[in-house]
Amino acid sequence: MANNNEEEEEAVAPMVKLGSYGGEVRLMVGGEESAAEETMLLWGIQQPTLSKPNAFVSQASLQLSLDSCGHSLSILQSPSSLGTPGVTGAVMWDSGVVLGKFLEHAVNSGMLVLQGKKIAELGSGCGLVGCIAALLGSEVIVTDLPDRLRLLRKNIETNMKHVSLRGSVTATELTWGEDPDPELIDPKPDFVIGSDVVYSEGAVVDPLETLMQLSGPNTTIFLAGELRNDAILEYFLEAAMDNFTIGRV
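Numbering-wise (the numbering used here), the sequence shown opens with residue 123 and increments by one.
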């Protein structure tokens, strides 16, 4: 039995399969009103004001450990960099852990095939998600701003050198809104992934432009993010719906 609210949601947001993901997602339909409704629904479901921040990470630690794909990953952080304006990728965030575990679960449950697939990751930060994707068999290109690459490459080297990989992972510079390196777009990635890439109104147009540049007709995009600001999320969803078909996992 479904209550009236559930029936109304089902009517305006059907469950479908999108792209290369075998699970069902709730499709976003319409324009500005749909973005507003989706934002309100997410806030009602998740109740971010009641959530404990950094439930899966400790940003004060120099190193975090996480088990994934039968391996223990050790991720170095730079807590002292967190106070620098505009620097967010020097430490781990919950959404990165969630995205990595989602990919692992989706592969293990048969809803996603990553073996041999090309993946581009935006704003890779400390590199956890890219390492997990490589362990799942993907050919991963992790990206970030030039001054973030040293820590990113260190974590890749630390975690991948002793692991018999099914896939691979390399790091390259990418500034959102600027032309990407040819290796990122030739051929187009099978998947583009990112966690917490939208965190301010100023970080909406450039990420969307980069997503457009990286995406081909057969590209599936997975984005994860913590609910922080409803206006920013609504703005992003509304803008993204102009060029992408969007579903909520």
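Quick reminder that beta carbons are idealized off the backbone N, C-alpha and C, glycines included.
| request: Verify the contact flag: residue 294, CB atom, against every heavy atom of the ligand COA, threshold strictly below 7 Å. | output: This structure simply doesn't include the ligand COA, nor any ligand for that matter.
field: residue 151 versus residue 182 - alpha carbon distance
entry: Start at 1 with the first residue of the sequence shown, and residue 151 comes out as number 29. Start at 1 with the first residue of the sequence shown, and residue 182 comes out as number 60. C-alpha separation (whole angstroms): 41 Å.
* To do: Determine the burial state of residue 249: buried for a count of at least 16 other Cβ atoms within 10 Å of its Cβ, exposed for fewer.
  => Along the sequence shown, one-based indexing puts residue 249 at 127. Result: buried.
Would you call the CB atoms of residue 221 and residue 317 closer than 8 Å? Position 99 of the sequence shown, counted from the first residue, corresponds to residue 221. Position 195 of the sequence shown, counted from the first residue, corresponds to residue 317. Yes, the Cβ-Cβ distance between residue 221 and residue 317 is below 8 Å.
Quick one: what's got a C-beta closer than 7 Å to residue 307's C-beta in the same chain, skipping five residues either side?
On the sequence shown, position 185 is the one that residue 307 refers to. Cβ within range, chain order: 335, 336.
Open item on the list: I'd like to know whether the C-beta atoms of residue 227 and residue 285 end up nearer to each other than 8 Å.
Closed with: In the sequence shown, residue 227 corresponds to position 105, counting from 1. In the sequence shown, residue 285 corresponds to position 163, counting from 1. Cβ atoms of residue 227 and residue 285: not closer than 8 Å.
Tell me the rounded alpha-carbon separation between residue 149 and residue 243. The residue you call residue 149 lines up with position 27 of the sequence shown. The residue you call residue 243 lines up with position 121 of the sequence shown. One C-alpha to the other measures close to 23 Å.
Does the Cβ of residue 265 have 16 or more other Cβ atoms within 10 Å, making it buried, or fewer, making it exposed?
Here residue 265 corresponds to residue number 143 of the sequence shown, with the count starting at 1. That one is buried.
Who are the near neighbours of residue 186 in its chain, counting only those whose CB is closer than 7 Å to its CB and skipping five residues on each side? If you number the sequence shown from 1, residue 186 lands on position 64. 179, 180, 197, 199, 214.
**One or two residues paired with residue 195 in a DSSP bridge** = Position 73 of the sequence shown, counted from the start, is the residue given in the question as residue 195. 188, per the DSSP bridge assignment.
Just to confirm before moving on: does the CB-CB distance between residue 256 and residue 229 stay below 8 Å?
Counted from its first residue, the sequence shown places residue 256 at position 134. Counted from its first residue, the sequence shown places residue 229 at position 107. No, these two residues do not count as a Cβ contact at 8 Å.
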